Amino acid sequence: MQQHQDERDQVPPDRDVAWMRRALELAARGRRPDANPRVGCVLVSPEGDLVAEGWHRGAGTLHAETDALSHAGDAARGATAYVTLEPCNHTGRTQPCAQALLEAGVARVVHAQSDPNPRAAGGAEVLRGHGVEVTSGVLDDEATALNRTWTHLVTTGRPWVTWKLASTLDGRSAAADGTSQWITGPVARDDVHTQRSRCGAVIVGTGTALTDDPRLTARRADGSLHEHQPLRVVVGERDLRPDARVLDDSAPTWHLRTRDPKEVLARLAEAEIHHVWLEGGPTMAAAFLAAGVVDEVIAYVAPVFLGRGRPSVGDLGITTMADALRLEPTDITVLGTDVRITAALKEIH
Ligand SMILES: NC(=O)c1ccc[n+]([C@@H]2O[C@H](COP(=O)([O-])OP(=O)(O)OC[C@H]3O[C@@H](n4cnc5c(N)ncnc54)[C@H](OP(=O)(O)O)[C@@H]3O)[C@@H](O)[C@H]2O)c1
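Residues in the sequence shown are numbered from -16 upward in steps of one, following my numbering.
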């Protein structure tokens, strides 16, 4: 183990970094909401020439390594494989990649992120045990960031939760009569739909479902559906109206008759969903915050005042400034007439 730590402390040669960057580009072509991580692989000859490239297109398809090997043929013998995630060592939907690399005669493997999944980890050890030179941790941070939500599910057992809110300057998420369409402008709303399309599930409470009758699909500005639709989840004990738009056939929908955020997330984890987009409303948001299961907030703030109306979030039991829930901003972007603030909830974990 010490030897591998020392290895990570060394600065990798420029060529290793350059090929790993290419492997990361390939990995990014994968489907974000897929149950599997996004992985890229580049095979390079001993002379330093590109042999083949591959990436993982989603559960049930070839892993990045076997995709690249399928294009390489005999040229894989003696090659170096650059892989963004440690080659897997378990037989799941496909055979172990460590085995496939050995059979192809690959001489060296350079990987970025070590596999955090205990069921699949150990590929690097298997390869080393068969005389393959293995270098670990090259561009580890970038690779881990690429699969941030998948890594979160694998290491914590629950999906990563992004709470989205749209708010006026005075912190209102709906007017006094319950209407909230629209607080933000078209550019921000378009961004919300793009973000939804990258998640495995979108959640609202029964309050929002009954008040707004949202479709919760991911749509483009012209109304057409994005290629990927998240699972639509309504949480709460009340019945939905039979003609609710969230029950249409444009995407699957679950109505979970519970008020326990952890139970909701456990159900989604069983379905291998690693990124949840929590759309509110204020009561659900407060329940998820109180349960300590919000990882990130994306707030769309509009230059609008309502004076009265629903606050963005329900009661958090905070009565003094010293107890304020302070987040760490990671991005601030102007979207048309609105501002999008992304912030992490580090302190409550
Ligand atoms: N601006 C925005 O970003 C935004 C986003 C969403 C909604 N909204 C606005 O928010 C308003 C609706 O607010 P809301 O707070 O009623 O909606 P909500 O948070 O979507 O739903 C609240 C309901 O969820 C159920 N629930 C589930 N888990 C719960 C828990 N742990 N604790 C308490 N209740 C739980 C309860 O209903 P049961 O009795 O059925 O269990 C509760 O009444 C609407 O006016 C909507 O337009 C604004």
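Quick reminder that beta carbons are idealized off the backbone N, C-alpha and C, glycines included.
As the structure is a computational prediction, the values presented were derived from the model and not from experiment.
The count of Cβ pairs closer than 8 Å, one atom from the stretch 254 to 264 and one from the stretch 175 to 185, reaches three, so the stretches are in contact. Look at Val92 here: in three-state DSSP terms it is strand. Near ligand 1, meaning a beta-carbon closer than 6 Å to one of its heavy atoms, we find Leu148, Ala149, Ser156, Ala157, Gly161, Ser163, Ile166, Val187, Gly188, Thr189, Gly190, Thr191, Thr194, Asp195, Val218, Gly219, Glu220, Arg221, Arg242, Glu262, Gly263, Gly264, Pro265, Thr266, Met267, Ala270 and Arg293.
Shown here for Phe288: same chain residues with a beta carbon closer than 7 Å to its own, the five before and five after excluded, namely Thr151, Leu152 and Asp153 in chain order. By the 16-neighbour rule on beta-carbons within 10 angstroms, Thr177 is exposed. Using a Cβ distance threshold of 9 Å, Ala64 and Val93 count as a contacting pair.
One Cα belongs to Glu8, the other to Asp222, and the distance between them is close to 45 Å. DSSP places Pro169 within a helical segment (H, G or I) once states are collapsed to three. Non-local C-beta neighbours of Ala83 in its own chain, meaning closer than 7 Å and more than five positions away in sequence, comprise Glu48, Thr49 and Leu52, ordered along the chain. Of the residues Ala87, Cys80, Gly37 and Val66, the one whose Cα lies closest to the Cα of Ala58 is Ala87. Secondary structure note for Cys24: its beta strand (DSSP E) is the uninterrupted segment Gly23 to Val27. Only residues of its own chain outside the window of five on either side were considered, and among them Leu84, Leu85, Val89, Ala90, Arg91 and Val92 have a CB closer than 8 Å to the CB of Val115, listed in chain order.
The Cβ atoms of Val216 and Val170 do not sit closer than 9 Å to each other.
In the three-state reduction of the DSSP assignment, Asp321 falls in the strand class.
Between Arg293 and Arg155, the C-beta spacing is below 9 Å.
Ala201 sits close to Ser180, with the two beta carbons spaced by under 9 Å.
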